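Worksheet: one structure, shown below.
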Amino acid sequence: MEFTDINKELNNGQNMGGIAQIAYFCAWSDVASWPTKPTSPATLEENGTLTGNIVLKTGKKMNSIYITDDTGEYEMESVGEMDGKSFVAHLRLFNPGLKKTLLGFINYAKNENLVFIVKDNDGQFYLMGDDTRAAIYNGAPDGSGTSRETAGRRGISMEFTYKTASLYTYTGTIPLTPAASA
Amino acid sequence: MWRRYFKLVKLVPGKVIVQGYGTLDFSRDDIPIETCKALYETDFEFLEITEEGKRALYGVQSSEFEVQSSEFGVQSSEPEVQVSEFEVQSSLNTKRETLNKPRTRKKKQMNG
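Protein chains in written order, with this note's numbering: chain A, 516 to 697; chain B, 865 to 976.
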């Protein structure tokens, strides 16, 4: 691999934190094929990028989930002991309302494997899931329910984690329309 | 309009988020042709070009297009022609060898 200088790369000086107020998800079992990880990258940039698209099975599509502003976060945690380092990606968010759809989603997600695509506020995407591992529900970091005070808010906070050997950006497409047979 | 030149494949016509282009709704007719062309040229796997698109956007007939578009990952028919020529040559050489062999054997038998 050819090393290059790692500079202060900010687009027009912008570097706002946080993630977009929409994330995308599907069931891990609905994925037909995955983007590929770099195997023999020539550059550092290639070594941090997935190639290709996530393709879903016929009739399946990515769906969106709304995130209350300033409650969404995508964290890349380094874990493992010496010679065994890897990462755990965390997606934390809050969805308001406690409506049937949200309850139904949590009922499904609590013990099933999922895939998420998260967009940060710089327009960069991250894929949580690969052909081996999925994003899994990890609880409600900021609570769930009606809230105690009238000034509070109803809803469900949730956290999903995805364990991965390496960190990548996702540059592929997000199909919001069902896949058709080829 | 774009549908005259391109065909959406592997997806039901609808919205797709394409990085660098935002959300494109392929159920609508108003996607700029230049956008589709740019996507097609970057190996966007959900668009195929039509015969009319080949003529209008690249100015080539379909048979010419197959050869010229090898740079886009389309197979050229050229290798098949080369293989068949090779097979003809090989076949001729084999026939020549076969014709020569009995004479050699005959001479050996006579000498023995």
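Glycine residues also receive a C-beta, built at the ideal position from the N, C-alpha and C atoms. Quick caveat, the model's predicted, so the values are computed rather than measured.
With 16 other Cβ atoms within 10 Å as the buried cut-off, status of residue i
i	result
Ile521/A	exposed
Thr616/A	exposed
Leu606/A	buried
Met516/A	exposed
Tyr623/A	exposed
Ser659/A	buried
Lys576/A	buried
Asp585/A	exposed
Thr676/A	buried
Thr692/A	buried
Gly644/A	buried
Ala650/A	buried
Val518/A	According to the sequence shown, residue 518/A is Phe rather than Val. Burial call: exposed.
Gln939/B	Since pLDDT at Gln939/B reaches only 48, below the 50 mark, its modelled position is unreliable, and no value is offered.
Asn530/A	exposed
Val570/A	buried
Pro896/B	exposed
Met673/A	buried
Lys523/A	exposed
Ala604/A	buried
Asn629/A	Checking the displayed sequence, the identity of residue 629/A turns out to be Leu instead of Asn. Buried is the call here.
Val594/A	exposed
Gly587/A	buried
Anticipated Cβ contact below 8 Å, residue i with residue j, distance rounded
i	j	result
Gly688/A	Asn578/A	Going by the sequence as given, residue 688/A is Thr instead of Gly. Between Asn578/A and Thr688/A the Cβ distance is about 15 Å, and since that is not below 8 Å, they are no contact.
Glu916/B	Tyr869/B	6 Å
Thr566/A	Pro550/A	6 Å
Val873/B	Phe908/B	The Cβ separation is near 10 Å, so there is no contact.
Tyr699/A	Lys552/A	No answer is possible for residue 699/A: it lies beyond the span of chain A, which begins at 516 and ends at 697.
Asp893/B	Gly878/B	Asp893/B to Gly878/B, Cβ: 14 Å. No contact.
Asn636/A	Ile534/A	7 Å
Ser880/B	Ala695/A	Checking the sequence shown, residue 880/B turns out to be Val, not Ser. Rounded, the Cβ-Cβ distance is 12 Å, inconsistent with contact.
Ile671/A	Asn610/A	6 Å
Leu618/A	Ile582/A	That belief does not hold up - the Cβ atoms of Leu618/A and Ile582/A are roughly 17 Å apart, past 8 Å.
Boundaries (first-last residue) of the alpha helix (DSSP H) holding residue i
i	result
Thr899/B	Ile897 to Glu905
Ala920/B	Glu915 to Tyr922
Tyr869/B	Trp866 to Tyr869
Segment limits, beta strand (DSSP E) that includes residue i
i	result
Tyr539/A	Ile537 to Ala542
Gly886/B	Gly886 to Asp889
Lys879/B	Lys879 to Val882
Ala547/A	Val546 to Ser548
Residue i at chain D interface by Cβ criterion, 8 Å
i	result
Phe540/A	No chain D appears in this structure, whose protein chains are A and B.
Residues of the segment 543-563 of chain A whose Cβ lies closer than 9 Å to any Cβ of chain B, in chain order | none
Mind checking the segment 870-894 of chain B against chain A and listing, in chain order, the residues whose C-beta falls within less than 8 Å of any C-beta there?
-> Val873, Lys874, Leu875, Val876, Pro877, Gly878, Lys879, Val880, Ile881, Val882, Gln883, Thr887, Phe890 and Ser891
3-residue-minimum beta strand (DSSP E) runs that sit fully inside the segment 643-687 of chain A, ordered along the chain | 670-679
Which residues, in order along the segment 895-929 of chain B, keep a beta-carbon less than 7 Å from a beta-carbon of chain A?
-> Glu909
Using a Cβ-Cβ cut-off of less than 9 Å, list which residues of the segment 650-669 of chain A approach chain B; keep chain order.
-> none
List in chain order: all unbroken alpha helix (DSSP H) runs of 4+ residues lying wholly within the segment 574-638 of chain A.
-> 615-624
In the segment 670-697 of chain A, which residues sit with their C-beta less than 9 Å from some C-beta in chain B, listed in chain order?
-> Tyr685, Thr686, Gly687, Thr688, Ile689, Pro690, Leu691, Thr692, Pro693, Ala694, Ala695, Ser696 and Ala697
Which residues, in chain order, does the segment 526-537 of chain A contribute to contact with chain B at a C-beta distance below 8 Å?
-> none
Taking Cβ-Cβ distances below 9 Å as the criterion, which residues of the segment 606-632 of chain A are in contact with chain B?
-> Ile632
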